[in-house]
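Undergrad:
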Amino acid sequence: MKRKLFSFIFLTLTTFCFAQKADSLFRIFKNASFKDTVRLNALNDCGVILAGTDPDSAIKLSKSYYTFAKSKNQVKHMAKALMLEGMCNIYLGDNKTAKAAYKKALILGREINDQRICASAYSNIGVSHYNTSDYDSALIYANKALDIRRKINDVSGISACYNNIANAYLTLSNYNQALVYYLMSLKLYEASKNETEIAKAYNNIGNLYNMQKRYTTAEEYYLKAIAIRKRTNDLNGLSTCYSNLGIIESCLKNMPKAIEYYKKSIEISKKISDYNGLVIAYGSLGDVYKDLGQYALAHEYIESSMELSIKTDDNYAIAANYNSLADIAVLEGKFALAIDLSKKALKINTDENIVDGIRLNYQSLANASSALHDYKNAFDYYVKYKELTDSIFNLDNSKMLSDAKTQYEVDKKATELKIKAEAEKDKMNVIAKEEKRRNVLIIFSVSGILLVVLIFSVFLYKRFKVTQKQKQIIETQKVVVEEKNKEITDSITYAKRLQNAILPPLSLINNNIKENFVFYKPKDIVAGDFYWATEHNNKFYLAVCDSTGHGVPGAFMSILNSNFLNEAIKEKNIDSPDKIFNHVRECLINSIGSEGQQDGMDGILICIDKQTIRSGEGIKITYAAANNEPILISNGAIINFEKDKMPIGKGERRDDFRLFTKELKANDCLYLYTDGYADQFGGPDGKKFKYKPLNEFLRSISNLPMSEQNKRLEQKLGEWRGNLEQVDDICIVGIRI
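For the sequence shown, the numbering used here gives the first residue as 1, with consecutive numbering after it.
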């Protein structure tokens with residue numbers, strides 16, 4: 001799962017004379033000639049300065065501060081000493097001890113009715129809950145603090161509360177609410193020209209855009225924050241920004257740069273004993289080495305992160321580390337271990353309601369289960385992953401997938417019921433033949449030997465009763481077989497509804513290509529062939545693909561392949577057809593494991609810039625082709641385009657797919673098809689139709705309207721096939737420029 005981006009929480013303490021250095025402030029405290037209040041304020045400010053650079057020393061100072069305040073009966077300063085102790089423990093990752101100190105400070109604040117102390121205590125208790133991934137409690141305490149700060153018109157405190165509320169919403173994947181609160185916080189800090197807090201707000205807004213995969217915008221905010229932090233020598237802030245920039249570079253697969261940023265963050269975090277920062281940087285660096293295939297180094301850094309995350313009660317990080325270790329286990333072929341680790345991560349994320357973590361756990365479980373051929377659980381996990389993905393990224397087909405049954409259940413149930421139906425049919429035939437033979441014997445016996453009939457009448461009567469019972473059994477079994485056959489058909493028909501959910505609406509194609517047709521004819525109720533289309537960044541994508549197999553197994557593969565195409569464009573922002581196919585191949589190989597040597601697909605993916613479509617003239621297309629190639633009919637001539645002779649999946653070749661570019665003129669017809677039509681047996685000799693006759697037929701009808709071409713293809717197929725069975729799924733898409 002993606003590492004937690006380090007969002008700045010706002011710990012609130014009241015300080016005076018903050019510009020003075022710690023040693024100067026401590027000398028003021030030691031000078032008994034100053035008033036008690038001056039000495040106490042100096043001690044508080046000295047502790048706040050030390051907390052960011054030497055939290056261990058600051059804790060010792062907070063104890064002295066508390067003792068001195070108590071000796072002078074200064075309850076307010078006793079509360080502030082406890083707040084200082086809590087802040088130091090937050091920096092050291094000891095959230096449990098910090099929470100206890102804040103609660104003691106809250107009691108003292110109520111005792112003297114100091115609203116600022118109470119608000120600060122509520123706010124900081126919320127921070128300790130946030131750090132331990134209890135985001136619901138974090139929101140409750142942040143809102144309690146906000147209510148008080150609004151009553152006393154504490155503008156700086158209101159800004160801090162807005163920020164902390166936004167952090168909780170961000171981690172819960174409620175991006176809209178998070179952005180609203182971040183911007184309210186930033187507006188107040190900019191009005192007060194508080195550079196330190198402005199830098200924190202910039203960092204947190206950067207995190208929001210990072211989580212939405214808007215990496216360029218996120219980087220702009222991080223760099224704004226770094227500029228301020230270098231100017232103010234904010235080491236803690238610099239460490240955080242470097243770690244967050246490392247996460248961006250990791251997502252963009254710029255691994256050397258990511259490693260550089262993470263190591264900068266680790267160096268600073270060690271210097272200032274920032275355990276929370278080390279948890280994130282160690283884990284993220286481990287993820288980079290995992291992606292680079294350096295599993296020993298990956299284990300080393302992730303285990304270091306796990307040790308510190310357990311020490312600091314950071315459940316988000318614990319879950320992230322379990323998930324990273326699960327990913328490594330999959331890559332090492334240890335699928336059972338991967339499932340165990342993913343389930344541990346899933347339990348934590350479910351308990352803490354970390355939605356994006358739950359989503360990625362389901363994806364890991366689906367991949368590992370598929371590799372173990374546990375297709376029931378694999379598809380169940382995949383459906384859950386797809387539901388959460390659609391809810392976060394607003395995909396269109398989540399409602400259909402949320403109601404669908406698993407593909408494994410359809411496949412297994414269809415097979416079992418078919419076997420049972422055939423067995424019952426054989427049994428019924430045997431019983432019927434036996435009954436007929438016995439009835440003939442009875443008739444001859446009665447006609448030939450009346451005396452024997454009389455003697456054995458009782459026996460024959462009993463035999464008759466047995467025969468009647470057998471008839472009843474046969475009738476009952478016949479009804480059962482008919483019901484089972486209906487269940488099989490209903491289940492597979494429902495599977496067709498599921499597959500139809502992944503096919504794009506024809507209106508999407510019509511809105512982008514005015515003249516087109518889609519000739520789609522599955523061999524069975526469900527199919528391995530599919531067509532696919534989408535819009536992204538003012539570009540239109542159209543694909544025709546042939547997944548391994550047909551029927552139920554082919555449909556399962558087509559659902560996986562369609563999802564990977566969507567993931568490449570919508571989630572990974574990959575816009576080049578060749579790179580999209582490379583991504584789909586990588587996802588397929590990771591999902592089907594080492595046993596799925598033949599699983600994959602052939603296909604064609606074209607990309608058209610929508611601005612050229614609107615020009616009304618010729619257009620330029622880019623495309624990638626795996627085993628199948630597009631066919632162009634231009635001025636009555638057939639033009640075969642180039643292709644890569646390798647599938648999208650495991651094969652003898654694993655080269656990168658090539659990107660092809662072609663210029664098309666007005667009235668040109670472009671056809672994308674699978675092998676089903678050409679491989680259909682028929683004609684007078686029962687032979688295959690083949691590709692050359694298919695291309696000639698397309699040339700002969702290319703001047704007709706697209707709807708008429710569709711009808712002619714249907715008519716030609718029927719004439720050729722005659723009474724023969726359809727041998728494969730068929731999919732042909734034609735467009736006129």
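C-beta atoms are modelled at their ideal positions from N, C-alpha and C, and glycine is treated no differently.
If you're wondering where the values come from, they're calculated on a predicted model, not measured in any experiment.
1) Starting from the C-beta of phenylalanine 335, find all residues in its chain whose C-beta is less than 6 Å away, skip the five residues before and the five after it, and write them out in chain order.
2) Run through DSSP, which three-state label would arginine 736 get?
3) Starting from serine 562, trace the alpha helix (DSSP H) in both directions and tell me its first and last residue.
4) Which first and last residues belong to the alpha helix (DSSP H) in which serine 156 is found?
5) Please state whether DSSP places alanine 543 in a helix, a strand or coil.
6) By the three-class DSSP mapping on this structure, what secondary structure does phenylalanine 8 have?
7) Taking Cβ to Cβ, would you say leucine 179 is nearer than 7 Å to tyrosine 135?
8) Please specify which runs of the beta strand (DSSP E), each continuous and at least 3 residues long, are wholly inside the segment 613-657, giving them in chain order.
9) Compute the Euclidean distance between the alpha carbons of glutamate 195 and glutamate 85, then round it to the nearest angstrom.
10) With a threshold of 8 Å on Cβ separation, who are the neighbours of alanine 101 within its own chain once the five nearest residues in sequence on each side are excluded?
11) Tell me where the beta strand (DSSP E) around phenylalanine 660 begins and ends.
12) Below 8 Å on the Cβ atoms is my guess for aspartate 274 versus asparagine 236; work out the distance and round it to an integer in Å.
13) What whole-angstrom Cβ distance do alanine 168 and tyrosine 130 have, given they're in contact under 8 Å?
14) Counting Cβ pairs closer than 8 Å, one from the segment 504-513 and one from the segment 568-580, do we hit at least three?
15) Thinking C-beta only, is aspartate 529 closer than 7 Å to cysteine 251?
16) Within this structure, are the beta carbons of valine 279 and serine 239 separated by less than 7 Å?
17) Between the Cα of threonine 612 and the Cα atoms of Phe540, Arg497 and Asn500, which residue gives the shortest distance?
18) Can you give me the Cβ contacts of lysine 405 inside the same chain, cut-off strictly under 6 Å, excluding the 5 residues immediately before and after it?
19) Any idea what DSSP makes of isoleucine 738, helix, strand or coil?
20) If I measure Cβ to Cβ from aspartate 655 and keep anything under 8 Å in the same chain, skipping five residues before and after, which residues do I get?
21) Could you tell me whether the Cβ atoms of leucine 670 and proline 630 are closer together than 7 Å?
22) Within 10 angstroms of its Cβ, does lysine 200 collect 16 or more other Cβ (buried), or is it exposed?
23) Give every residue of the same chain whose Cβ lies closer than 7 Å to the Cβ of lysine 738, excluding the five residues on either side of it in the sequence, and list them in chain order.
24) Counting along the chain, where does the alpha helix (DSSP H) carrying glycine 47 start and finish?
25) For isoleucine 619, is the classification buried or exposed, using 16 other Cβ atoms within 10 angstroms of its Cβ as the cut-off for buried?
26) Per the DSSP calculation, valine 518 is bridged to which residue(s)?
27) So, are the CB atoms of leucine 43 and valine 75 less than 7 Å apart?
28) Taking the runs of the alpha helix (DSSP H) that are 4 residues or longer, which of them lie wholly in the segment 336-400?
29) What whole-angstrom Cβ distance do asparagine 621 and isoleucine 608 have, given they're in contact under 8 Å?
30) DSSP state of aspartate 56, grouped into three classes?
31) What does the alpha-carbon distance come out to for the pair leucine 208 and leucine 170?
32) Buried or exposed for glycine 437, going by 16 or more other Cβ atoms inside 10 Å?
33) From the DSSP secondary-structure annotation, give me the bridge partner or partners of lysine 687.
34) How long is the line joining the alpha carbons of phenylalanine 8 and valine 544, rounded to whole angstroms?
35) Could you give the distance in angstroms between the alpha-carbon of arginine 699 and the alpha-carbon of proline 553?
36) State yes or no: is the C-beta of phenylalanine 540 nearer than 6 Å to some heavy atom of the ligand NAP?
TA: Reading from the atomic positions:
1) Numbered from its first residue, the sequence shown carries residue 335 at position 335. Closer than 6 Å at Cβ, skipping near neighbours: Ala368, Ala371 and Leu372.
2) The residue you call residue 736 lines up with position 736 of the sequence shown. In this structure, arginine 736 counts as strand in the three-state DSSP scheme.
3) Sequence index remark: in the sequence shown, residue 562 carries index 562 (1-based). Counting along the chain, the alpha helix (DSSP H) containing serine 562 begins and ends at 551-566.
4) In the sequence shown, residue 156 corresponds to position 156, counting from 1. First-last of the alpha helix (DSSP H) with serine 156: 155-171.
5) Numbered from its first residue, the sequence shown carries residue 543 at position 543. Looking at alanine 543 - three-state DSSP - the assignment turns out to be strand.
6) Taking the first residue of the sequence shown as 1, we reach residue 8 at position 8. Residue placement at phenylalanine 8 is poorly supported in this model, since its pLDDT is 46, which falls under 50; the coordinates still yield a value, given next. Coil, per DSSP.
7) Reading the sequence shown from its first residue, position 179 is the one you call residue 179. Reading the sequence shown from its first residue, position 135 is the one you call residue 135. Their beta carbons are not under 7 Å apart, which means leucine 179 does not touch tyrosine 135 by this criterion.
8) 619-626, 631-634 and 637-640
9) Within the sequence shown, the letter at position 195 stands for residue 195. Within the sequence shown, the letter at position 85 stands for residue 85. Each residue's Cα considered, the two are about 25 Å apart.
10) The residue you call residue 101 lines up with position 101 of the sequence shown. Contacts found: Leu82, Met83, Glu85, Gly86 and Asn89.
11) The sequence position of residue 660 within the sequence shown is 660, counting from 1. Taken as a continuous stretch (DSSP letters only), the beta strand (DSSP E) holding phenylalanine 660 covers 660-664.
12) Walking along the sequence shown from the start, residue 274 turns up at place 274. Walking along the sequence shown from the start, residue 236 turns up at place 236. About 6 Å; that satisfies the 8 Å criterion.
13) The residue given as residue 168 occupies position 168 in the sequence shown. The residue given as residue 130 occupies position 130 in the sequence shown. At roughly 6 Å, the Cβ-Cβ gap stays under 8 Å, so alanine 168 and tyrosine 130 are in contact.
14) no
15) If you number the sequence shown from 1, residue 251 lands on position 251. If you number the sequence shown from 1, residue 529 lands on position 529. Result no, Cβ atoms of cysteine 251 and aspartate 529 do not sit closer than 7 Å.
16) Taking the sequence shown and counting its residues from 1, one reaches residue 279 at position 279. Taking the sequence shown and counting its residues from 1, one reaches residue 239 at position 239. Going by C-beta atoms, valine 279 is not nearer than 7 Å to serine 239.
17) If you number the sequence shown from 1, residue 612 lands on position 612. Looking at the Cα atoms, Phe540 is the closest of the given residues.
18) Counting from one through the sequence shown, the residue named residue 405 turns up at place 405. The predicted position of lysine 405 is uncertain, since its pLDDT is 29 and thus under 50; a value taken from the coordinates is nonetheless stated next. If we look at lysine 405 and ignore the five residues flanking it on each side, it has no Cβ neighbours.
19) Lying outside 1 to 737, the shown extent of the chain, residue 738 is not represented and no answer is given.
20) For the purposes of this step, residue 655 is taken as the residue at position 655 of the sequence shown. These residues qualify, in order along the chain: Asp644 and Met646.
21) Here the question's residue 670 lines up with position 670 in the sequence shown. Here the question's residue 630 lines up with position 630 in the sequence shown. Taking 7 Å as the Cβ cut-off, leucine 670 and proline 630 qualify as a contacting pair.
22) On the sequence shown, position 200 is the one that residue 200 refers to. Buried.
23) This structure leaves residue 738 out entirely; the chain is present only between 1 and 737.
24) Sequence index remark: in the sequence shown, residue 47 carries index 47 (1-based). Run containing glycine 47: 36-51, per the alpha helix (DSSP H) assignment.
25) What you label residue 619 is simply residue 619 of the sequence shown in a count that begins at 1. With 16 or more Cβ atoms within 10 Å of its Cβ, isoleucine 619 is classed as buried.
26) Within the sequence shown, residue 518 is the residue found at index 518, counting from 1. Beta-bridge pairing links valine 518 to Val733.
27) For the purposes of this step, residue 43 is taken as the residue at position 43 of the sequence shown. For the purposes of this step, residue 75 is taken as the residue at position 75 of the sequence shown. Cβ distance not < 7 Å, so leucine 43 and valine 75 don't count as in contact.
28) 355-371 and 375-393
29) If you number the sequence shown from 1, residue 621 lands on position 621. If you number the sequence shown from 1, residue 608 lands on position 608. The sequence shown places isoleucine at residue 621, rather than the asparagine named in the question. Their Cβ separation, rounded to whole angstroms, is 5 Å, which keeps isoleucine 621 and isoleucine 608 in contact under 8 Å.
30) Within the sequence shown, the letter at position 56 stands for residue 56. In this structure, aspartate 56 counts as helix in the three-state DSSP scheme.
31) Here the question's residue 208 lines up with position 208 in the sequence shown. Here the question's residue 170 lines up with position 170 in the sequence shown. One C-alpha to the other measures close to 7 Å.
32) On the sequence shown, position 437 is the one that residue 437 refers to. Residue 437 is actually arginine in this sequence, not glycine. The residue in question, arginine 437, is exposed, as its Cβ has fewer than 16 Cβ neighbours within 10 Å.
33) By one-based count along the sequence shown, residue 687 stands at place 687. Note: lysine 687 sits in a beta bridge opposite Gly682.
34) Reading the sequence shown from its first residue, position 8 is the one you call residue 8. Reading the sequence shown from its first residue, position 544 is the one you call residue 544. Confidence in phenylalanine 8 is poor, its pLDDT being 46 and thus under 50, which makes the residue's placement too unreliable to answer from.
35) Numbered from 1 along the sequence shown, position 699 holds the residue referred to as residue 699. Numbered from 1 along the sequence shown, position 553 holds the residue referred to as residue 553. When rounded, the distance between both Cα atoms is 34 Å.
36) The ligand NAP is not part of this structure, which contains no ligands at all.
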